[in-house]
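> Handing you this structure, nothing more for now.
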Amino acid sequence: MFRFAMKMAWASLARRATRSLMVVLMISVSLWSLLLMQGVYDGMTEQMINNAIRSDSGDVSLFRRGYRLDPSLENVIPDTFPDGRKVEDVLGMDGRVGSFVKRLQQNGVVATARYSRNIMIYGVALAAEKKHGQLQRYLLTGHYGFGAKRKGAIVGYRLAERLHVTVGSKLILSCQNSSSDVVSISVRVNGILKTNNMSFDEGSVFIDLDLAEDFFGVHQGVSQISVMMNEGKDIGELQLALQQSFPGLDVMRWDEMYPALMQSRVIMNGFKSVVSLIIFGVSGLGILGVMMVSIIERRREIGIMLALGTEFSQIRIMVLIESLIMGFSGFVAGSLLGWVSLLYFRSYGLDLSMFSEAFEEFGMDAVTYALIQPGYFLSAFTAILSAAVISVYFPLRIVSKVIPARIINEI
Amino acid sequence: MARSMWYNKKMDYFMKPMLLVVFLILHPFVIRAESVDEVIRKVVENLNGNTAVMDIRMVVKTSRAERRMEMKSYSIGNEKSFIKITYPKKDKGITFLKVNKGMWQYVPRIEKIIKIPASMMLQSWMGSDFSNDDLVKESSLYDDYEHKMIQETDELYQVELLPKEDSAVVWGKIVMLVSKKYLLPTMVSYFDEASVLVRQLSYGNVRSFSGKNYPSLWIMKPTTSDKKGHETRITVLDAVFDGRISDEYFTKRALKRFSR
Amino acid sequence: MFLNFAFRYVLAYKRRSAITVLLGAVSTALLIFTSAWMDGSHGQLIKNSVEIYSGYIQVTASGFRENPGFDKLVFDYGSLQDQIKTVPGVDVVSPRLETFVLFSAGEKAVGGMLIGIDPDKEKRISRLFSSLKGGAYLVGTDTIQLYIGSELARRLKLDLGDELAFVGSGTDYSFAADKLVVKGIFQTGLFEFDASAAFLAKPYFDSIMASENIASQVIVLPKEPVRAAQLASVIRKTVGGAFEVASWQQTMSALLKSMKLDSVFGYITLGLIFIVIFFVVMIYTLLAVFSRVKEIGIMRAIGTTPREVLLLLLLESSFLSFLSVVLGGIAGALSAYYFSIYPVSFTGMEEQFKQYGLAVATIPTSFKPLIILRDMAIMFFLLVLATLYPIIKVNCLKPIEAIHHV
Numbered sequence: 002m003f004r005f006a007m008k009m010a011w012a013s014l015a016r017r018a019t020r021s022l023m024v025v026l027m028i029s030v031s032l033w034s035l036l037l038m039q040g041v042y043d044g045m046t047e048q049m050i051n052n053a054i055r056s057d058s059g060d061v062s063l064f065r066r067g068y069r070l071d072p073s074l075e076n077v078i079p080d081t082f083p084d085g086r087k088v089e090d091v092l093g094m095d096g097r098v099g100s101f102v103k104r105l106q107q108n109g110v111v112a113t114a115r116y117s118r119n120i121m122i123y124g125v126a127l128a129a130e131k132k133h134g135q136l137q138r139y140l141l142t143g144h145y146g147f148g149a150k151r152k153g154a155i156v157g158y159r160l161a162e163r164l165h166v167t168v169g170s171k172l173i174l175s176c177q178n179s180s181s182d183v184v185s186i187s188v189r190v191n192g193i194l195k196t197n198n199m200s201f202d203e204g205s206v207f208i209d210l211d212l213a214e215d216f217f218g219v220h221q222g223v224s225q226i227s228v229m230m231n232e233g234k235d236i237g238e239l240q241l242a243l244q245q246s247f248p249g250l251d252v253m254r255w256d257e258m259y260p261a262l263m264q265s266r267v268i269m270n271g272f273k274s275v276v277s278l279i280i281f282g283v284s285g286l287g288i289l290g291v292m293m294v295s296i297i298e299r300r301r302e303i304g305i306m307l308a309l310g311t312e313f314s315q316i317r318i319m320v321l322i323e324s325l326i327m328g329f330s331g332f333v334a335g336s337l338l339g340w341v342s343l344l345y346f347r348s349y350g351l352d353l354s355m356f357s358e359a360f361e362e363f364g365m366d367a368v369t370y371a372l373i374q375p376g377y378f379l380s381a382f383t384a385i386l387s388a389a390v391i392s393v394y395f396p397l398r399i400v401s402k403v404i405p406a407r408i409i410n411e412i
Numbered sequence: 032m033a034r035s036m037w038y039n040k041k042m043d044y045f046m047k048p049m050l051l052v053v054f055l056i057l058h059p060f061v062i063r064a065e066s067v068d069e070v071i072r073k074v075v076e077n078l079n080g081n082t083a084v085m086d087i088r089m090v091v092k093t094s095r096a097e098r099r100m101e102m103k104s105y106s107i108g109n110e111k112s113f114i115k116i117t118y119p120k121k122d123k124g125i126t127f128l129k130v131n132k133g134m135w136q137y138v139p140r141i142e143k144i145i146k147i148p149a150s151m152m153l154q155s156w157m158g159s160d161f162s163n164d165d166l167v168k169e170s171s172l173y174d175d176y177e178h179k180m181i182q183e184t185d186e187l188y189q190v191e192l193l194p195k196e197d198s199a200v201v202w203g204k205i206v207m208l209v210s211k212k213y214l215l216p217t218m219v220s221y222f223d224e225a226s227v228l229v230r231q232l233s234y235g236n237v238r239s240f241s242g243k244n245y246p247s248l249w250i251m252k253p254t255t256s257d258k259k260g261h262e263t264r265i266t267v268l269d270a271v272f273d274g275r276i277s278d279e280y281f282t283k284r285a286l287k288r289f290s291r
Numbered sequence: 057m058f059l060n061f062a063f064r065y066v067l068a069y070k071r072r073s074a075i076t077v078l079l080g081a082v083s084t085a086l087l088i089f090t091s092a093w094m095d096g097s098h099g100q101l102i103k104n105s106v107e108i109y110s111g112y113i114q115v116t117a118s119g120f121r122e123n124p125g126f127d128k129l130v131f132d133y134g135s136l137q138d139q140i141k142t143v144p145g146v147d148v149v150s151p152r153l154e155t156f157v158l159f160s161a162g163e164k165a166v167g168g169m170l171i172g173i174d175p176d177k178e179k180r181i182s183r184l185f186s187s188l189k190g191g192a193y194l195v196g197t198d199t200i201q202l203y204i205g206s207e208l209a210r211r212l213k214l215d216l217g218d219e220l221a222f223v224g225s226g227t228d229y230s231f232a233a234d235k236l237v238v239k240g241i242f243q244t245g246l247f248e249f250d251a252s253a254a255f256l257a258k259p260y261f262d263s264i265m266a267s268e269n270i271a272s273q274v275i276v277l278p279k280e281p282v283r284a285a286q287l288a289s290v291i292r293k294t295v296g297g298a299f300e301v302a303s304w305q306q307t308m309s310a311l312l313k314s315m316k317l318d319s320v321f322g323y324i325t326l327g328l329i330f331i332v333i334f335f336v337v338m339i340y341t342l343l344a345v346f347s348r349v350k351e352i353g354i355m356r357a358i359g360t361t362p363r364e365v366l367l368l369l370l371l372e373s374s375f376l377s378f379l380s381v382v383l384g385g386i387a388g389a390l391s392a393y394y395f396s397i398y399p400v401s402f403t404g405m406e407e408q409f410k411q412y413g414l415a416v417a418t419i420p421t422s423f424k425p426l427i428i429l430r431d432m433a434i435m436f437f438l439l440v441l442a443t444l445y446p447i448i449k450v451n452c453l454k455p456i457e458a459i460h461h462v
């Protein structure tokens, strides 16, 4: 019986091939573009968030309480707390923590013979940063390292431009050390970074953590510990747990450090939902129209079938299958197209460099790598199939009112 | 012990004529290699003195205007110095203290002692073509550079100063002309890393102040395009070298106390 | 006669026509509203950024914008002002002198900008006066009274009436320092600006900074702000090569670029929605046309030429498109108009705007009838285009085929 309905559905679809194809085409093209939009926009948002997390905040960051208001060398996280505990030990034992890095930072000045700028000097452990946020991936030119003598520096590309320096140039860093003396050291540019995290690209110099300790005159403690979590762990839980075990520290989530990024994500999601809703709604209308017409056209046949004793439920199944076939084919074609395009943009990226300057203004990458999430296809599948099912409701209601005898006699 | 003495003696005996020959051949180089450091050491010593109390006039010239200032400076070597502005009237009583690497300023008009922060060290000192940093770090010509004799004439040494790898100086190179007669600089040229001239400081009018020869005219001239027409002239009006200076000048309290 | 036929067909298939019209109308309204929204929000952002401080037209000494410094100031403000004032269309000319100083209060020392302004004229060329948050704005005879940014005041831990000091240098590179008293605190919403700027009345400021008749930039307010660029070029000719005259389009080029970027994303998304709508309209037309295949066949059989059939169908679809564009146009225009008078406010989102250095709390849509007509025309064209394929296709059928079409 089901097979019969299936056959009937196919037959009626094939009879109006142009029409059916057009519906399938409509669904697939709209799905395709929708998938593209989602993947690219998500890629963009997540890239921005990812840049901030990898280069700075981690999933959560620890600071000494009060550091954010007064970021001085006095406000460091001690290596060992008075009760003998160490932050490192606690983090190392926590199964939720994937990796963490320590950073020591201080405001200072970088100078060459001609130019000087106010900047933030970061003492970092490059090997740990590599594992932590894959900092080396942001390297634009030069080497990811501080050289054999650890006297190298890695600087943001915008800073390098402003100081007119390249790899190998000498920089003089000056800052106020922990005993309030103005101290200076010379370093050579080893690498230039482009993180698209603006505050980094414009005003940061990275030096070796040990060198920074000597330079700043800080013999214990760090300014920030950035923590990356293992996949699938709950960030709020970790934050709470860390906050409870270190009441003297501020434990901040990335979205607390970069609230604007979180808002971008929320706005983007809302925006996407609205657009999806419109698109699926309109596609649903398209299917509805076609089903409506195709059923009204076949009123007589249906009347005859009913008169010959076909159950109404069978008619219903037939119509439903017809609509589902169209919806499903559109879904498959659209998903395939979308998936392939997204796959391409995921590996090769979408180059929007013609607006590149504006992009950087907003802390975005010029080349956006698309994101592919199973959710896109799942929600599209649900949306299209529900549209297909809903769109047969009205036509079926019309048919259900059909009194076989009258219909047959109608023409 | 005895054995080595004998050995030395024997060496002396055989080698003396030989060494003499070698020495004669190498002579100019050996002298230079040893003395170029010596030259710079002496130059720095002669410029700073053990202690110095000076009356100075500073004229700052820009493309538009010329401004004259006068001040009194007290210094011990190059570690400590205290400067008090005496002219013009508007700025009279402003004092500066430099101890080691820190620098403070007192401004009577606002009754405040201000520590010059790291971010302002590279800015101009009193609108001149010297930076705060120049005042603090002028010291390092001897310690922070490798010295190389480039040329020697009857009157001058030409010395190239290349910063040591670890020294925190912005210059790529400094070329100094030193008068042989006084062991004082006559011209110091500062280059950036690309060996482009950034500024020149010339010294002239060597005068005798209480028996010590000292350049009484300093002219600093930046050569970068954005400082076109700028020039700072320092004239030493009077100076007393190697006298006793009270330690009291080199405390933060002095800033306010000696301001009047 | 054709028109009559067309009407009758449209009326005969009420429901289907209604859906087509509805879709067209919704698309039109969507396009109009989106344009109005983007235009309005961009206009608002620019207006804010321009009007808060930077001004519509900036006149500086040549080379100052590239590389600011005391050697490149306007040294004879008086005569420059007289020259600019001769240009028709100039409303207000006002001088500013920006200097970088170290502010010091108690133990705190913070670097910032100290700016000398003409308080009365400044009132008209920027929103400094209306950004007053506490205390009072400056008057021309003020001396050590300071008008300070809220964030800067917070960083220095200052409140109204508190004392602070500054050290800096005058335009002749002489040493400048003075004690000041906080008279007013302002908050423009531009975070960076509020965190670094403070103002003094220029007459007194000039006495400390040796800057009488000197300005770092001269701000010109045009009588018609929309014509700022044209006015700037006239002023450029008047004042000669010793000065640079920049309209806001030049001083705010980065902002303009980001607006362009935003528009691109907006139109991409809109285009996406239109693709779907285009298809649906096409499908509906197809259905409508093919349900009448028999009639068309008969018409052809009794001698109507294909051209006449085409005309008839086109007329019909144009009529439907026109109807939907008009309906959508009215809806779109009404909403654009409504939100231009009652702007949408974003009270929870200042943080995001702040990070972008933009100060916006409410965004009005822009209501420009010409743009609305343009959008309506675009939509009309698109809708007719969508019906073209089915119409041509049905016209390609031979009369016999058509009559027997099932």
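Protein chains in written order, with the numbering used here: chain A, 2 to 412; chain B, 32 to 291; chain C, 57 to 462.
Heads up, the beta-carbon is just placed ideally off N, CA and C, and yes, glycines get one too.
(1) Am I right that G134 (chain A) and L372 (chain A) are in contact with their C-beta atoms under 8 Å? What's the rounded C-beta distance?
(2) Are there three or more Cβ pairs, one per stretch, closer than 8 Å when the region 316-330 of chain C is compared with the region 9-29 of chain A?
(3) Taking 9 Å as the threshold (C-beta atoms), are I291 (chain C) and V400 (chain C) in contact?
(4) Is T443 (chain C) close to chain A? Criterion is C-beta to C-beta, closer than 9 Å.
(5) Just how far apart, CA to CA, sit M306 (chain A) and S73 (chain C)?
(6) Using a threshold of 9 Å, state whether the C-beta atoms of D228 (chain C) and R98 (chain B) are closer than that.
(7) Using the Cβ count rule (16 or more neighbours within 10 Å means buried), how would you classify C452 (chain C)?
(8) Reducing DSSP to helix, strand and coil, say where W37 (chain B) ends up.
(9) Measure the C-alpha to C-alpha separation of L278 (chain A) and G271 (chain A) and round it to an integer number of angstroms.
(10) What span of residues does the beta strand (DSSP E) with R88 (chain B) cover, start to end?
(11) Which complete beta strand (DSSP E) runs does the region 261-342 of chain A hold, if anything under 3 residues is left out?
(12) Can you list the beta strand (DSSP E) stretches of 3 or more residues lying completely in the region 271-343 of chain C, in chain order?
(13) On a CA-only basis, which of A:G85, A:Y68, A:P83 and A:R299 is nearest V77 (chain A)? Give me that one, please.
(14) Starting from R20 (chain A), find everything on chain C with Cβ-Cβ shorter than 9 Å and list it in chain order.
(15) If we define contact as Cβ-Cβ less than 9 Å, is R63 (chain B) a contact residue for chain C?
(16) With a cut-off of 8 Å on the beta carbons, I'd call D273 (chain B) and N79 (chain B) a contact; round off their distance for me.
(17) From what residue to what residue does the beta strand (DSSP E) around W93 (chain C) run?
(18) Leaving out the 5 sequence neighbours to the left and right, which residues in its chain are closer than 7 Å to E47 (chain A) when beta-carbon positions are compared?
(19) Quick check on the DSSP output: the alpha helix (DSSP H) that includes M38 (chain A) runs from which residue to which?
(20) Would T113 (chain A) pass as an interface residue toward chain B - the criterion being a Cβ-Cβ separation below 9 Å?
(21) May I ask you to list, following chain order, the residues of the region 218-235 of chain B that have a beta carbon less than 8 Å from some beta carbon of chain C?
(22) Is the Cβ of D234 (chain C) closer than 9 Å to any Cβ of chain B?
(23) Under 9 Å between C-beta atoms, does I352 (chain C) make it to chain A?
(24) With DSSP run on the structure shown, which of helix, strand or coil describes A422 (chain C)?
(25) Please classify Y234 (chain B): does DSSP put it in a helix, a strand, or coil?
(26) Would you kindly work out how many angstroms separate the C-alpha atoms of S83 (chain C) and M435 (chain C), rounded to a whole number?
(27) Could you give the distance in angstroms between the alpha-carbon of V84 (chain B) and the alpha-carbon of G108 (chain B)?
(28) Buried or exposed for T76 (chain C), please, with buried defined as at least 16 other CB atoms from any protein chain shown within 10 angstroms of its CB.
(29) Helix, strand or coil, according to DSSP, for I276 (chain B) in the structure here?
(30) Quick one: does S160 (chain C) have its CB under 9 Å from some CB of chain B?
(31) So which residues of chain A does M152 (chain B) contact, with C-beta pairs closer than 8 Å?
Taking the geometry as given:
(1) Rounded, the Cβ-Cβ distance is 19 Å, inconsistent with contact.
(2) no
(3) Not in contact: V400 (chain C) and I291 (chain C) (Cβ atoms no closer than 9 Å).
(4) no
(5) So the alpha carbons of these two residues sit roughly 30 Å apart.
(6) Going by C-beta atoms, D228 (chain C) is nearer than 9 Å to R98 (chain B).
(7) exposed
(8) Reliability of the predicted coordinates at W37 (chain B) is poor, the pLDDT of 41 falling under 50, and the value obtained from them is presented with this limitation in mind. DSSP places W37 (chain B) in helix when its eight states are reduced to three.
(9) Our two residues, L278 (chain A) and G271 (chain A), have alpha carbons roughly 11 Å apart in a direct line.
(10) T82 to K92
(11) none
(12) 273-278 and 299-303
(13) A:Y68
(14) I339, L342, L343 and F346
(15) Any reading at R63 (chain B) needs caution, since the residue's pLDDT is 47, under 50, leaving its predicted position unreliable; the model's value is listed next. Not one chain C Cβ lies under 9 Å of R63 (chain B).
(16) Their Cβ separation, rounded to whole angstroms, is 11 Å, which puts D273 (chain B) and N79 (chain B) out of contact at 8 Å.
(17) Element bounds for W93 (chain C): not the beta strand (DSSP E) but the alpha helix (DSSP H), K70 to S105.
(18) These residues qualify, in order along the chain: L372.
(19) For M38 (chain A), the enclosing alpha helix (DSSP H) stretches over residues A18 to A53.
(20) yes
(21) Those would be none; no residue qualifies.
(22) yes
(23) no
(24) Sequence inspection shows Ser at residue 422 (chain C); the Ala mentioned does not correspond to that position. DSSP places S422 (chain C) in coil when its eight states are reduced to three.
(25) strand
(26) Between S83 (chain C) and M435 (chain C), the C-alpha separation is close to 8 Å.
(27) 11 Å
(28) buried
(29) coil
(30) yes
(31) For M152 (chain B), the chain A residues whose Cβ falls inside 8 Å of its Cβ are V110, S175 and V183, in order along the chain.
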